[in-house]
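Encoded as structure tokens, the structure appears first; notes follow it.
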Amino acid sequence: MVEAHHILLNLEYRAMPPVFPAIRHIDDVLPALQGHKEFVVSQRNGYVAIDYTYQLEGSFLPADPTDPADVAAARLRRECRGIKFDPASGAIIARPYAKFFNLGENSEVQPDRIDWTRSHHVLDKLDGSMIAPALVDGGMRWMTRLSDAKVAASAHAFAMAHPSLPDMAHALIDDGWTPIFEWCGPSQRIILDYPDDTLILTAVRHRVEGHYLAFAELTDLAATWQVPVVADLACGLVGDTLVQHIRGLHGLEGCVIRFGDGTMLKLKAEAYLARHQALADLASEKRVLRLVLENQEDDVLPLLAPEPRAELASFAARIRTALQESVRQVAEAVAAGQAEVGLDRKRFATEVVPRLPKVWHFPAFSVASGRDAHEAMRQLVLKNLGSDADLAFVRPLIGGHRWRLSGKE
1450 MVEAHHILLN LEYRAMPPVF PAIRHIDDVL PALQGHKEFV VSQRNGYVAI DYTYQLEGSF
1510 LPADPTDPAD VAAARLRREC RGIKFDPASG AIIARPYAKF FNLGENSEVQ PDRIDWTRSH
1570 HVLDKLDGSM IAPALVDGGM RWMTRLSDAK VAASAHAFAM AHPSLPDMAH ALIDDGWTPI
1630 FEWCGPSQRI ILDYPDDTLI LTAVRHRVEG HYLAFAELTD LAATWQVPVV ADLACGLVGD
1690 TLVQHIRGLH GLEGCVIRFG DGTMLKLKAE AYLARHQALA DLASEKRVLR LVLENQEDDV
1750 LPLLAPEPRA ELASFAARIR TALQESVRQV AEAVAAGQAE VGLDRKRFAT EVVPRLPKVW
1810 HFPAFSVASG RDAHEAMRQL VLKNLGSDAD LAFVRPLIGG HRWRLSGKE
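Here the sequence shown stands for residues 1450 to 1858, where the numbers follow my numbering.
Right under this line is the structure:
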């Protein structure tokens, strides 16, 4: 019954125009990542995962929206949010959600550009961790965007104790789909309280073609296998009325607007954002720097008036550009030092590092030890946001930039 049901779904979707790029092999994706160091291709235990560690203006938006090749590359980069491949064959094995945006976050999703007459569902935005299973080395792995450890291991144990979940996942994976769940509950508390641990089905996505199962079919599937499914808030509102309604909700993170073609928007409740401290005082430079360095400013930008929104977006771009330049300089210094002392870590630490600016010592040694320079610098700045003196020490890594909101003393 399930197999025939899936065949009908495949036929239905093949009649629809493609919204997402077809991806069969890792080589379909890698060319789009050239020059984009914010993306990481991670070799894991039995699979390869691709994700982004930070977001720049050109990470997901085409530099030239009129250039078809540029647009196509940006669409492929949006898929790099935990997409996974077999390390031997390069074949795609799991395709979680594509990157989608908060309403008002960028030029593509400004409120006046949204066609609310299109068929859509208003779905509960669950406050947990995304989990997408895949077959790896002949067995099923329940994984987060990058890993099958820690959080994913708890979700895996839960799923294995509830046979309908792995049975359904196997049937879908065998038929060419990736089921996507949210792992919620006391053991995975983010902000909101859920009384019991649970894996909630939020979407089913075709691995190669990228389309999502229609919501009505998703709920039928969940009923057939008796697994929890994401709630449709079904408020009957659209446009500004819907936006104000969702932002005023309490006890929910917000909603995901899912249109019939699979494109989506995020809309978060202001009460949730306040609890998450995403609406912290913009007069605090340290708080703003933390927002930027932790890639959280996209939750705040849509809620700001145009002037402070532009100031925060511009500041975030300057900080990220400065960090990239610092990474480049440190990498050059490390390469020059290793040309003198080779890979002898002791000589590097005693002969090369002392000649470098003190603020470079930790990231330089991290790079020489094979660790990621950008992450080392990001963590160094984050760890030095406790006092003005500490921030002054690491300020050269962010280009000396200072945050001051217009109109604030």
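Ideal Cβ positions, reconstructed from N, Cα and C, are used throughout, including at glycine.
Residues of its chain near residue i, where Cβ-Cβ distance is below 8 angstroms and the 5 sequence neighbours each way are ignored
i	result
arginine 1473	Ala1540, Ile1541, Val1657
glycine 1709	Arg1567, Ser1568, His1569, Ala1663
arginine 1853	Glu1734
glutamate 1743	Leu1831
proline 1845	Ser1775, Pro1806, Val1808
Element boundaries [beta strand (DSSP E), containing residue i]
i	result
glutamine 1492	1488-1492
valine 1705	1703-1708
Terminal residues of the alpha helix (DSSP H) in which residue i lies
i	result
valine 1830	1822-1832
valine 1497	First-last for valine 1497: 1497-1501, but that is the beta strand (DSSP E), not the alpha helix (DSSP H).
valine 1790	1755-1790
aspartate 1747	1746-1749
aspartate 1564	Looking at the DSSP string, aspartate 1564 is not in any alpha helix (DSSP H), and its letter there is neither H nor E.
histidine 1605	1600-1609
arginine 1590	No alpha helix (DSSP H) contains arginine 1590, which is instead part of the beta strand (DSSP E) from 1588-1592.
alanine 1671	1664-1674
glutamine 1693	1688-1696
aspartate 1597	Per DSSP, aspartate 1597 belongs to no alpha helix (DSSP H) and is neither H nor E.
leucine 1846	Looking at the DSSP string, leucine 1846 is not in any alpha helix (DSSP H), and its letter there is neither H nor E.
glutamate 1506	1506-1509
arginine 1853	Looking at the DSSP string, arginine 1853 is not in any alpha helix (DSSP H), and its letter there is neither H nor E.
arginine 1804	Element bounds for arginine 1804: n/a, residue is neither H nor E.
aspartate 1513	Aspartate 1513 -> no alpha helix (DSSP H), and no H or E assigned at all.
aspartate 1519	1517-1527
Close-in-space but distant-in-sequence residues of the same chain around residue i (CB under 7 angstroms, 5 per side omitted)
i	result
arginine 1707	His1569, His1570, Leu1572, Phe1664, Met1713
alanine 1727	Unreliable placement is indicated for alanine 1727, whose pLDDT of 44 sits below 50; the coordinate value is still reported in the next sentence. Result list for alanine 1727: Gln1745, Asp1748, Val1749, in chain order.
proline 1751	Asn1551, Leu1552, Gly1553, Glu1554
valine 1490	Val1497, Ile1499
phenylalanine 1607	Asp1646, Leu1648
glutamate 1760	Leu1854, Ser1855
CB-CB length for residue i against residue j, believed under 8 angstroms
i	j	result
alanine 1601	isoleucine 1580	6 angstroms
arginine 1594	proline 1545	7 angstroms
methionine 1826	serine 1763	Not really, about 21 angstroms apart at Cβ, beyond 8 angstroms.
alanine 1419	arginine 1562	With the chain covering 1450 to 1858 only, the question about residue 1419 has no answer from this structure.
isoleucine 1695	glycine 1685	With 8 angstroms as the limit, isoleucine 1695 and glycine 1685 do not qualify as a contact, their Cβ atoms being about 13 angstroms apart.
lysine 1717	lysine 1574	7 angstroms
histidine 1823	leucine 1772	7 angstroms
phenylalanine 1488	tyrosine 1501	5 angstroms
aspartate 1597	cysteine 1633	Their Cβ separation, rounded to whole angstroms, is 19 angstroms, which puts aspartate 1597 and cysteine 1633 out of contact at 8 angstroms.
tryptophan 1626	valine 1653	5 angstroms
arginine 1796	alanine 1817	Not a contact, Cβ separation roughly 10 angstroms.
Residues bridged to residue i [DSSP beta-bridge criterion]
i	result
leucine 1578	Per the sequence presented here, residue 1578 reads as serine, with leucine not at that position. For serine 1578, which the question treats as bridged, DSSP gives the partners Trp1632.
threonine 1647	Cys1633
leucine 1714	Phe1550, Ile1706
aspartate 1573	Cys1704
threonine 1627	Arg1654
lysine 1533	Ala1498, Ala1543
valine 1741	Bridge partners of valine 1741: none, in fact.
histidine 1474	Ala1540
leucine 1584	Met1589
valine 1816	Valine 1816 pairs with nothing; no bridge assigned.
aspartate 1681	Leu1572
Chain-order list of residues whose beta-carbon lies under 6 angstroms from that of residue i (same chain, five-residue window excluded)
i	result
phenylalanine 1550	Val1558
glycine 1711	Val1468, His1660, Tyr1661
glycine 1525	Looking at the sequence provided, one finds leucine at residue 1525 rather than glycine. If we look at leucine 1525 and ignore the five residues flanking it on each side, its Cβ neighbours are Pro1470, Val1478, Ala1481.
valine 1520	Pro1511
Given residue i as reference, the closest of the options once Cα atoms are compared
i	options	result
proline 1560	Met1609, Lys1715, Arg1804	Lys1715
alanine 1419	Ser1491, Gln1773, Gly1819	No answer is possible for residue 1419: the residues shown for the chain start at 1450 and end at 1858.
phenylalanine 1814	Arg1844, Ala1780, Pro1845	Ala1780
leucine 1621	Asp1645, Thr1647, Pro1582	Pro1582
alanine 1766	Ala1512, Arg1736, Gln1504	Gln1504
alanine 1732	Pro1757, Ser1596, Glu1743	Pro1757
isoleucine 1649	His1660, Thr1668, His1655, Gly1659	Thr1668
leucine 1831	Gly1588, Val1843, Asn1555, Gly1700	Val1843
leucine 1614	Ala1798, Phe1534, Pro1677, Asp1519	Pro1677
threonine 1859	Ala1680, Asp1519, Pro1470	Examination of residue 1859 is not possible in this model, given that the chain is present from 1450 through 1858 alone.
aspartate 1837	Gly1587, Phe1607, Leu1738	Leu1738
arginine 1769	Glu1789, Leu1753, Leu1740, Gln1787	Leu1740
aspartate 1623	Asp1597, Asp1642, Gln1483, His1655	His1655
valine 1802	Ala1518, Asp1793, Leu1584, Gly1786	Gly1786
arginine 1777	Ser1538, Arg1493, Ile1847	Ile1847
cysteine 1529	Ser1508, Asp1513, Asp1535, Pro1517	Ser1508
valine 1687	Gln1492, Gln1483, Asp1564	Asp1564
glutamine 1637	Ser1578, Ala1518, Gly1587	Ser1578
aspartate 1586	Phe1534, Ser1603, Pro1635, Ala1610	Phe1534
leucine 1701	Arg1851, Asn1494, Leu1641	Leu1641
glycine 1588	Met1609, Gly1697, Leu1792	Met1609
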